[in-house]
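Below you'll find the structure, written out as structure tokens, and then a few comments.
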Amino acid sequence: MAEIRVHELHKAFTDFTAVKSSSFAVRNGEFFCLLGPSGCGKTTTLRMIAGLELPTSGQIFLGDEDVSFKRASARDIAFVFQMFALYPHMNVRRNIAFPLVSQGMARDEIGRQVEQAARTLRITHLLDKPVSQLSSGDRQRVALGRAIVRQPLAFLMDEPLGALDAEFREVMCHELRALHDRLQATTVYVTHDQMEAMAMADVIAIMNEGVIEQLGAPLEVYERPASVFVADFIGAPSMNFLPFEAGLASGDDAILIGPARIAVPPLREDLSPRALLCGVRPEHVRFDDASGLRAEVLATEYLGTRTVVTLATAQGTTVRAKVDVDIPVARGDHVGLAFDAAKISLFDAASGRALRSARDETPLRAGRRARHG
Amino acid sequence: MAELRLSGVVKRFGGVTAVDGVGLDIPSGEFFVLLGPSGAGKTTTLRLVAGLERPDAGRVSIGGRDVTALAPALRDVAFVFQQYSLYPHLSVFDNLAFPLRSPLRPSPETEVRRKVEEVARMLRIHDKLQNPATRLSGGQMQRVAIGRALVRSPALYLMDEPLSSLDAKLRNDLRLELKRIQQDLGATMLYVTHDQIEAMTLATRIGVLDAGRLVQVGTPQQIYENPGSAHVASRLGSPRINLVARGLFPQLDGPERAVTVGIRAEHLRLHRRPAASGPGMAHRGASVRRIERLSDLHLVHVGLDDSGQELIVSAPANESFEPNDAVQVELLRPLWFDAEGQRIHA
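Protein sequences appear in the order of chains Y and H.
Numbers 0 to 372, taken from numbering that gives the first Met the number 0, label the letters of the first sequence in order.
Numbers 0 to 345, taken from numbering that gives the first Met the number 0, label the letters of the second sequence in order.
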């Protein structure tokens, strides 16, 4: 296994720039997610690491080796594509063995490696089945088997779960992460699904229009988004953004939205008067009759453990609140809204940049999960 | 708007029974969601109601009228498919107007204009009416497809996973709009999906389909809190309900026939130290394996001592656990299932 380092990577196509000077490092054994909407440059970045595209400029290191302009076959990595590029006329065993056969490995060694990969993926019972008889989940396990059997330096995965049913995707997320914990292989995983990234990654790089907007652990990008784009992209339902205008000074710890005074984390910068956004996640919104921030309930969505309530504020902003199912609200009700002050993010409306505040100083829980074990 | 009734509907394709004796009463104005995995018979059921398939047995009636033998065009239903199929050479306006200009049901042009504009406003695409249909984003195209169903006032709307081709964000937004529009119109809706969140949030009632059979019908809350079988219990709720062998909890009082116990992640509590066992409680030693820190709550994966069994526990975000912490697991609301996976009410 190895570290991957990407330095000032740039990719321009004739009519647009897909990746703009990206730099990041994936540590040995890390599960690294490139996350963003379609067209953000995440797949192009992955394809350059794989050697399927050549960069316009910049460098890629696999371990200590500069592989920037090496052919894909000369890089010791395994690529898992979106779904099932399996050979339909071969059984599971021969599909998994294929990369080793092409390397010219000895037959009994191949047999041993295939058995071991199958045990890791818990698909030993499927080895002699034709792939056409497999469920979609088992096919994906076989596709993974073909990647891990080579024991490459790193795995690159391009939306491998994209074609699965939502509920099955959740199961596969747990499996993939458990597999990663067993193999501890450096992995770069591309997805547009923030849930997948949040559930699996050690580090997430959120990309937008060819640029990495933020790089951090899931909890960090969730609790301290660096921009409106990141705040909006991570979390479902998304963060609420309430517009207001103000000039603020370092140390200020409240803002005015309409008639309501809203407590916020103390600011750490001075701002001339301008358009700003108050960002608050749905689970940090409460109903409070004493609050001057009034809103009307537009809809309620029952989710088993929680209810998502959609409201329109008196200022005309749509706000979503995630509340306990036993809180009685119905369409048409008028309520007051209160926010969990410590969790509020403030943004400059024009640039989208998050304002510096005490939010950035609260300790995040260390070590989202034990990295090796 | 009208009610829909299916009785004893069967549809076979060769040797496969796709729909196996489905009976269903959907009152006027209800948003009914058929939920099931691919291959459960959802889409076939929808196509039988639309008249795109003929049943091998059973009857379909809409608004009290038996339509079993009626051609699709005469059933007065509007169908929205998974893949939006717009006329690429027509503008958004003409796409929306198309059903109203149908030779079967022609309307005067002033009426067409009024109706199209009303629906376009409802779906927030009124500023796009003159655009060619191909110059729209995916979400806008799907809104036009839904709009084409809404311009008519059919007895019944049929929707086959209309949101599944959209990205997550847009899906959330359109889901809410669809619910609002359905409520405003008082429309009767039969909606098919494999996405449990859509089912929970949209439905007045959900029907869970499994292998062509309707296995449970109820409000989202009834089905979530009172599943009739282990299969239904595992279809609703994220994370998925923990289903474990009853034998792993020998000290827990349960019905004799129970083979499996189901506990939702939110009905498990983690305690740091051995806590005193009260009546109806069951504590079991376990150790924390890993933690998924999702937004407002944390999913803690624990492994039970002396067995490889893993449970997923949802813990409030302010309780911090770390891998390898030794804990006690408390079961609050166990659900019991027999050897066939059927619920046993304790």
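Ideal Cβ placement from N, Cα and C applies to all residues, glycine included.
This one's a predicted model, so the numbers in the text were calculated from it and none came from an experiment.
Check: Minimum C-alpha distance to H:A132 - residue among H:L330, H:A39, H:A144 and H:L122; Outcome: H:A144
Check: Residues that H:L201 bridges to, as DSSP identifies them; Outcome: Answer is none; H:L201 lacks a bridge partner.
Check: Straight-line gap, H:Y190 to H:G20 (C-alpha atoms, nearest Å); Outcome: 19 angstroms
Check: Minimum Cβ-Cβ distance from Y:G303 to chain H less than 9 angstroms; Outcome: yes
Check: Buried/exposed call for H:E329, threshold 16 Cβ in 10 Å; Outcome: buried
Check: C-beta neighbour in chain Y for H:N171, strict 9 angstroms; Outcome: yes
Check: Min CB distance H:K41 to chain Y below 9 angstroms; Outcome: no
Check: Neighbour list for Y:I309 in chain H, Cβ cutoff strictly below 8 angstroms; Outcome: Residue identity differs from the one stated: residue 309 of chain Y is Thr in this sequence, not Ile. Per Cβ cutoff of 8 angstroms: L175.
Check: Runs of beta strand (DSSP E) lying entirely within the segment 248-318 of chain H, each at least 3 residues, in chain order; Outcome: 259-262, 267-270, 282-293, 296-303 and 309-315
Check: Residues that Y:L33 bridges to, as DSSP identifies them; Outcome: Y:V189 and Y:A204
Check: Other residues of its chain near Y:P129: CB distance less than 6 angstroms, five sequence neighbours each side excluded; Outcome: N90
Check: Through-space distance from Y:Q150 to Y:V187, alpha-carbon basis; Outcome: 15 angstroms
Check: Contact set between H:K178 and chain Y, taken where Cβ atoms lie within less than 9 angstroms; Outcome: A298 and E300
Check: Residue from Y:K10, Y:E64, Y:T306 and Y:G161 whose Cα sits closest to the Cα of Y:G57; Outcome: Y:K10
Check: Nearest candidate by alpha-carbon position, reference H:D166, set Y:Q112, Y:A235 and Y:A340; Outcome: Y:A235
Check: Opening and closing residue of the alpha helix (DSSP H) in which H:K41 lies; Outcome: K41 to A49
Check: Sequence-distant residues of the same chain with beta carbon closer than 7 angstroms to H:P71, five excluded per side; Outcome: A49, G50 and L51
Check: Cross-strand partners of H:M188 (DSSP beta bridge); Outcome: H:F30 and H:Y156
Check: Bridge partner(s) assigned by DSSP for Y:T309; Outcome: Y:A298 and Y:R319
Check: Proximity to H:L45 [Cα-Cα], best of H:R212, H:G13, H:L157 and H:A77; Outcome: H:L157
Check: Where the segment 192-203 of chain Y meets chain H: residues whose CB sits under 9 angstroms from a CB there; Outcome: D192, Q193, M194, M197, A198 and M199
Check: Bridge-paired residues (DSSP) for H:D65; Outcome: H:S60
Check: Euclidean distance between Cα positions of Y:A84 and Y:N207; Outcome: 29 angstroms
Check: Contact with chain H by Y:R121, beta-carbon distance below 9 angstroms; Outcome: no
Check: Beta-carbon spacing of H:I290, H:I262 below 9 angstroms; Outcome: no
Check: For H:E117, three-class secondary structure by DSSP; Outcome: helix
Check: Listed by chain order, chain H residues near Y:P236 by CB distance under 7 angstroms; Outcome: N171
Check: Per DSSP, the bridge partner or partners of Y:H6; Outcome: Y:Q58
Check: Length of the line joining the Cα atoms of H:P161 and Y:A117; Outcome: 38 angstroms
Check: Bounding residues of the alpha helix (DSSP H) (the contiguous stretch that carries H:H230); Outcome: A229 to R234
Check: Local Cβ density within 10 Å of Y:A184, reported as buried at 16 or more and exposed below that; Outcome: buried
Check: Rounded straight-line distance, which links the Cα of Y:D192 to that of Y:R140; Outcome: 20 angstroms
Check: Local Cβ density within 10 Å of Y:A146, reported as buried at 16 or more and exposed below that; Outcome: buried
Check: 7 angstroms CB neighbourhood of Y:K19 in its chain, flanking five on each side removed; Outcome: H9, G209 and V210
Check: Any 3 or more C-beta pairs closer than 8 angstroms across the segment 190-205 of chain H and the segment 225-232 of chain H; Outcome: no
Check: Contact test: Y:M197 Cβ vs the ligand MN heavy atom, cutoff 8 angstroms; Outcome: For the ligand MN, the structure offers nothing, since it holds no ligand at all.
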